[in-house]
Amino acid sequence: MAEYKTEPLKCWKKAKELRLKYYKDYQDAHKTGGIRWTGGAWAFDAIPAGLGRDVYNITGEPYGASIAFNKPFSTECLEATEARGWARDLCSYMRNYWGSMYLDKYAFGGEYPKPDFCYQDHICCSHAKWYQHVAEYKNIPYFCIDVSVGPYNELDENRLMYVVNQMHEAIEWLEKTTGRTYQDELLIEAVENELRSTSVWAEISCLNMAKPAPLDEKSMYSLYVHGTLSKHSKEVADFYEELRDELKYRVDNQIAALPNERCRLMSDTQPPWGFLKVFRYLEKFGAISIGSLYTFGLIGLWETKPDGTWGPKTTPMQKGEKITTRDQALRILADWNLAKPEWQHFYDPDLKTKMMLQIVKQWKLDGVMLHLNRGCEGLSCGIMENRLGIAEAGVPVMTFEGNMGDEREFDEKRVMGRIDSFMETLDLQMQTA
Amino acid sequence: MITVGIDMGAKNIKVVVLKDREVLARSQEMAGFEPLEAAERAYKRAVEKAGLTEEQVEAVYATGAGRKSAPHTNDSVTEVSAAAKGIVFSNPSVRTVIDIGAEEGRAVKCTEQGKVEDFAINEKCAAGAGSFTEAMARALDVPLAEFGQLSLQSSKSIPMNAQCAVFAESEVVSLVHAKTPKEDISRAVHDAIASRIISMIRRVGINNDVALVGGVSYNPGFVDSLGRGLETAVIVPDNAEYVGALGAAIVAAERN
Ligand code: SF4
Chain X
99 MAEYKTEPLK CWKKAKELRL KYYKDYQDAH KTGGIRWTGG AWAFDAIPAG
149 LGRDVYNITG EPYGASIAFN KPFSTECLEA TEARGWARDL CSYMRNYWGS
199 MYLDKYAFGG EYPKPDFCYQ DHICCSHAKW YQHVAEYKNI PYFCIDVSVG
249 PYNELDENRL MYVVNQMHEA IEWLEKTTGR TYQDELLIEA VENELRSTSV
299 WAEISCLNMA KPAPLDEKSM YSLYVHGTLS KHSKEVADFY EELRDELKYR
349 VDNQIAALPN ERCRLMSDTQ PPWGFLKVFR YLEKFGAISI GSLYTFGLIG
399 LWETKPDGTW GPKTTPMQKG EKITTRDQAL RILADWNLAK PEWQHFYDPD
449 LKTKMMLQIV KQWKLDGVML HLNRGCEGLS CGIMENRLGI AEAGVPVMTF
499 EGNMGDEREF DEKRVMGRID SFMETLDLQM QTA
Chain R
4 MITVGIDMGA KNIKVVVLKD REVLARSQEM AGFEPLEAAE RAYKRAVEKA
54 GLTEEQVEAV YATGAGRKSA PHTNDSVTEV SAAAKGIVFS NPSVRTVIDI
104 GAEEGRAVKC TEQGKVEDFA INEKCAAGAG SFTEAMARAL DVPLAEFGQL
154 SLQSSKSIPM NAQCAVFAES EVVSLVHAKT PKEDISRAVH DAIASRIISM
204 IRRVGINNDV ALVGGVSYNP GFVDSLGRGL ETAVIVPDNA EYVGALGAAI
254 VAAERN
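Heads up: the sequence lines are chains X and R, in that order. Number 108 in the numbering used here belongs to position 10 of the first sequence; there are no gaps in the numbering. Number 200 in the numbering used here belongs to position 197 of the second sequence; there are no gaps in the numbering.
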């Protein structure tokens, strides 16, 4: 039934190596006198980069997801967290992460590498508390930046400065905490890398408008993850440019992710990491998830173009702006991050519905699958409002229950049954061979 | 064309034999611990009742929770599609069908061709399904068959706050201890289930006419609560528990 040719991604091996190197570098940082810090994937990680080239971090969400992917270890971690009296409905990434810390086991082998400090920002209720607890448990210092300044379309100078001022304080705190002298040129370099990697990720996502799509969402998960690990690093920015070029080649040559693509879907929120087979199941019907606001907009930065379409956000460098000072770098970094699509719905679900419908239109989708993710209060906030908005726009939509990081909350049989129903509503039948 | 639909429900297995859009026979068996054997018996009996031999059957489609393992089948169709097809065949004016079986409740919005436009299924909780009624009847020590009738004798609304079947049971026990009349408790239970189902139906929207199918449609107490909650008349078709099997037989005819 194949209609299109397909082939594995050439840069797949590199993607894997880069990810493992990230976790290894963090683990080994102390061997060479380097610094280890921990915080969330949303943290302004370009800022600690100004402490030196030997500063390594571990971001909690992808680490929690890596644990979730390893079901036996995840169960061990979740149980260790619950045994300490934490509720089962807390963020499941956080519970996995804490479990790894309590058990003193690193998901990549050895002991949980104790960070030198925690550095985080505060977007959802779990964010600040997550690392407050890590800091208390490990007896290490903690700094948190509050970013609750409202949606980007209401951003003004006062709101921006509220964040920028905290960034300046963060730098003072980092110097005091580590005893190192802060290097503005390293900050500027990291900010430029971040602008580049996050804008290029949006370009990558745009290439999936092509039919057949060059990338399926399951593969995207293994690629966007680098942005959640180290969006400020040169390695990630360079890797994304390489990936973009390969995808352009795939689009030009009609190399498909799914050779029998006949239906294009998008998902929402983090997937149930222990059950990515959901995506493989879709393929049996010729259905492909080409991405989501989550995969496009958690790392990617976007803007509305003059013709009304959604496209990669133009970086200050592309506009000819040169970053020369600490304050300028911090202002750009704050403004850039506050525009992130994936947190706009923290203020209003309507903002998310509009972006989702834009994706449906621009990426020519046939339907939407919403993961009612019980493991993340943040990203599933308002999701039923989104469902309503999408359904009212006449777009077929289904929901399924799950949990990104706690496989005990995923009912595989029921979810697959629900997908069967959805596929039938889209007039798709399972294809044989 | 002669087709058969088998609905492999969690509790009961239903079979419908269809010939050129006319139902020739129906049969039903408890699924029990050996659902395949039960399905076999129900299938054979239905074919026999229709005055046919098995060789005359041209296509068999299954639906229901155990549809993938049903005997004799050429293919299967989900409960959602089967309910939509079946209801529009038996009651052409229906656009919203609510299907409540032992373990699952579904709301399906359909077109006049019986195609699914949208659907919602109760999430992981028995409090929106038939087995919840059974558990509550047991807690009240009332036979299931009388439980619904009892509810109709009450005109009092007692809110039940529990969100899950287990906690609802302890709430029922507290009401018993408070000497609340059984008919009021029965109505409170049905109102509580109906309110959960209604919030699910609202996800797909309430498009008249509304029909209730599945085993729970035989419970007059629930039908009453649902109608009051929805503020619209709820149609219960004849042979409501066979609508899924009928839908499967129709799809079998359409696809073959
Ligand atoms: S946004 Fe979700 S994943 Fe992130 S900390 Fe909050 S609950 Fe956890």
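For glycine and all other residues, C-beta sits at the position ideal for the given N, C-alpha and C.
Simplified DSSP assignment, three categories, for residue i
i	result
R/F150	helix
R/S160	coil
R/D78	strand
X/S331	coil
X/V589	An answer regarding residue 589 of chain X cannot be provided, because it is not within the stretch 99 to 531 covered by chain X.
X/E167	According to the sequence as given, residue 167 of chain X is Phe; it is not Glu. DSSP places X/F167 in helix when its eight states are reduced to three.
R/V179	helix
X/W441	helix
X/T451	helix
R/F36	coil
R/D121	strand
R/V145	coil
X/W371	helix
R/Y46	helix
X/Y235	helix
X/I145	coil
X/P410	strand
R/M11	strand
X/W184	coil
R/Q31	strand
R/D102	strand
R/G54	coil
X/D254	coil
R/E107	coil
Residue i Cβ short of 7 Å to the ligand SF4 heavy atom set
i	result
X/G398	no
X/C175	no
X/H231	no
X/G476	yes
X/E159	yes
X/M192	yes
X/C242	no
X/H469	no
X/H220	no
Status (buried if at least 16 other CB within 10 Å, exposed otherwise) for residue i
i	result
R/A87	buried
R/V246	buried
X/K417	exposed
X/M318	buried
X/D518	buried
X/T367	buried
R/G35	exposed
R/F170	exposed
X/M482	exposed
X/C223	exposed
C-beta contact flag for residue i and residue j at 8 Å
i	j	result
X/L428	X/H324	no
X/Y217	X/Q230	no
R/E186	R/L153	yes
X/L285	X/A181	no
R/I16	R/A53	no
X/R360	X/G389	no
X/D314	X/A268	no
R/K73	R/M4	Note that residue 73 of chain R is Ala in the sequence shown, not Lys. Not a contact, by the Cβ cut-off of 8 Å.
R/T235	R/V207	no
R/A62	R/A255	yes
R/G218	R/G133	yes
R/G117	R/N222	no
X/L341	X/C109	yes
X/G480	X/P439	no
R/A243	R/S220	yes
X/C189	X/E507	no
X/D433	X/L258	yes
Neighbour flag for residue i against chain C, beta carbons, 8 Å
i	result
R/D121	Given the protein chain composition of this structure (X and R), no chain C is represented.
Quiz item: Could you give the uninterrupted runs of the alpha helix (DSSP H) lying entirely in the stretch 56 to 100 of chain R, keeping only those of 4 residues or more?
Solution: 82 to 93
Quiz item: In chain order, which alpha helix (DSSP H) runs of at least 4 residues are fully inside the stretch 188 to 216 of chain X?
Solution: 190 to 201
Self-check item: Inside the stretch 206 to 258 of chain R only - alpha helix (DSSP H) runs reaching at least 4 residues
Solution: 223 to 233 and 246 to 258
Practice problem: Give, in chain order, every unbroken run of the alpha helix (DSSP H) that is at least 4 residues long and sits entirely within the stretch 312 to 362 of chain X. | Solution: 315 to 328 and 332 to 350
Quiz item: Curious, which full-length alpha helix (DSSP H) runs of at least 4 residues does the stretch 459 to 512 of chain X contain?
Solution: 481 to 490
Quiz item: Can you list, in chain order, the stretches of the beta strand (DSSP E) that have 3 or more residues and sit fully within the stretch 416 to 440 of chain X?
Solution: none
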